[in-house]
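Okay, so here's the structure we're looking at.
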Ligand code: AGP
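Residue numbers (the working numbering): 73 to 684.
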């Protein structure tokens, strides 16, 4: 999500930081900042200038005095607007200590309340700033930056990679990690830290991968890694021989594979801190009162493309859990059909970018019709997020590949959280059912990771049908929108003819075009309609189609009906699409690569569509 960098012991510390931040530019960000420690003083520069932030920061720091140590940060907002006050580095009250952070501090609200009560003045609304003040407080008693960071991390819940400097020990940077990535390295008398390899690749190719709960002391040319008990450990080193472009893709061939691999993290981050210890759902900026939720008698979700499919998947869960009727509409159609809207309607826009003009106009149309509006988006402070009555952010991090993957899964998971919240407020789901759904959400991260790791079976199946030109994706129940998304992914990046259908609809027309040479990808994972799906499969098989079945582990009976099979872990039917989408993404990917196409930049398409 955010990018962090730090250096100590380099004559050109500011250049190291700015060059490193520039190397993270490909990810997109909303603001940037650096802090330098010079002659025992901490000086800081920050700017919120969208994707120009690093260039603007270079101008801003043009007359900065030379320094040998400092920290830098590019921000992809998760807590608080993308403005200068929320940009990193953050300082303590005395301005003696600077901190950069990537991750999410789950218990920031309670920590901030305690700090304010004890007289601290917080100047941002980020979750990160609390850490700077916590460490400041501990420094008063310990007098040591290392000990203070170690102690502060004991009370912090969530994910973090941090770098901290203090004017009391100007050559020292203390870095630490839990869940969020962090690497450190050294060369020619300087030591470096970074969230991402490209940031420091021009300075060193030998890096140490910092593990969870390790704390690192960086001094000029020296790195000491300690475990959670403070014992020095032998670090895990790695030599990087990638070029910058490969490093930006984390060593993957393209951003699409990188982003597919990031899906478990996207799911975990989207859920992080939103399910309390008592099992309640805590939504950060949910400004619809319980009374408003209870009076809602219709929900309309509006979206385009993959976000439309995410909304369709969520409809099944929403209706079952909340018992509120849900319509899902193509955003570009919604406002032109004179929809019935009133004060009891809730219009939910689903958009990873928060900027697709069709969805934006649809949400505005909902507001004009008197409906309450809400947006599920991946981009903090996007136009839709600013305009809607309420917003729920997915936390997938920047998505670069035009074909959406991780933001789709994160949108489904965020919508499921929202559906459970609405059900809870309305009392439409009993305690046992609610607990079961929460447990199912909690198991998705591992299940998706498991599914991703099975890429080889999908690659083999894709290779077997590499010459086919016509593809039909079939699903039933929540598997139907899953099939639609599988077909869209294939169309987008491989330019093949692909259609998604509900299995039961085949006999009403599409069966006429099924003939030898057609490939049918059928989702036959756990669902009450699985038997019916398998009958639909028999229909296409008898017309000569090649059948690829996506089936649950161990379901050999279903598997026997396919020409090829892709096995996935079993999940409850409303959650199954989250992991069933993975092999469909991989299938599209392998066919596109096999046909020699650039999967990240498909022809004729833009990542964000801001024209009608
Ligand atoms: C997805 O792979 C596509 N690139 C496209 O359909 C996309 O989902 C659609 O344009 C909606 O974008 P949004 O989520 O940013 O609104």
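Built from N, CA and C at the ideal position, the CB exists for glycine as well.
When beta bridges are read from the DSSP output, residue 339 appears opposite no residue. A distance criterion of 7 Å places the beta-carbon of residue 74 beyond contact range of ligand 1, judged by its closest non-hydrogen atom.
In terms of Cα proximity to residue 480, the closest of 507, 493, 465 is 465. According to DSSP, residue 574 shares a beta bridge with 547. Here residue 366 is near residue 498, since their CB atoms are less than 8 Å apart. About 5 Å separates the CB atoms of residue 491 and residue 389; that is less than 8 Å, so the two are in contact.
By the neighbour-count definition (other C-beta atoms within 10 Å, threshold 16), residue 608 is a buried residue. By a beta-carbon distance limit of 8 Å, residue 290 does not contact residue 273. Their separation comes to about 17 Å. Residue 280 carries a strand assignment under DSSP once its states are collapsed to helix, strand and coil. The Cβ atoms of residue 565 and residue 674 sit closer than 8 Å to each other. Positions of the beta strand (DSSP E) runs, each at least 3 residues long and wholly inside the region 213 to 295, are given as 230 to 238, 245 to 250, 255 to 259, 262 to 266, 278 to 281, 286 to 291 in order along the chain.
With at least 16 other beta carbons inside 10 angstroms of its own, residue 80 counts as buried. Residue 188 carries a helical assignment under DSSP once its states are collapsed to helix, strand and coil. If you draw a 10 Å sphere on the C-beta of residue 580, you find fewer than 16 other C-beta atoms in it, and that means exposed. Look at the region 93 to 145 and you find these whole runs of beta strand (DSSP E), each 3 residues long or longer: 103 to 110, 113 to 119. If you check the CB distance, residue 575 and residue 547 come in under 8 Å. The closest heavy atom of ligand 1 lies 7 Å or more from the beta carbon of residue 352.
Around the beta carbon of residue 502, fewer than 16 other beta carbons lie within 10 angstroms, which makes this residue exposed.
DSSP, reduced to helix, strand and coil, places residue 408 outside both helices and strands of the structure shown, so it counts as coil. Secondary structure of residue 478 (DSSP, three-state): helix. When beta bridges are read from the DSSP output, residue 464 appears opposite 448.
In this structure, the C-beta of residue 554 stays at least 7 Å away from each heavy atom of ligand 1.
Residue burial is scored here from C-beta neighbours: residue 315 has fewer than 16 other C-beta atoms within 10 angstroms and is therefore classed as exposed.
Pairwise C-beta distances place the region 375 to 390 in contact with the region 403 to 422, as three or more of them are shorter than 8 Å. 262 is the residue among 262, 248, 178 whose C-alpha sits nearest the C-alpha of residue 139. For the 8 Å CB-CB criterion, residue 151 and residue 198 form a contact. In the displayed model, residue 431 falls within a helix according to three-state DSSP. In this structure, ligand 1 has no non-hydrogen atom nearer than 7 Å to the beta-carbon of residue 634. Boundaries of the beta strand (DSSP E) around residue 308: 308 to 311.
For residue 329 and residue 468, the gap between their C-alpha atoms comes out near 14 Å.
The bridge partners DSSP lists for residue 370 are 417. Under DSSP, residue 364 takes part in no beta bridge, so it has no partner.
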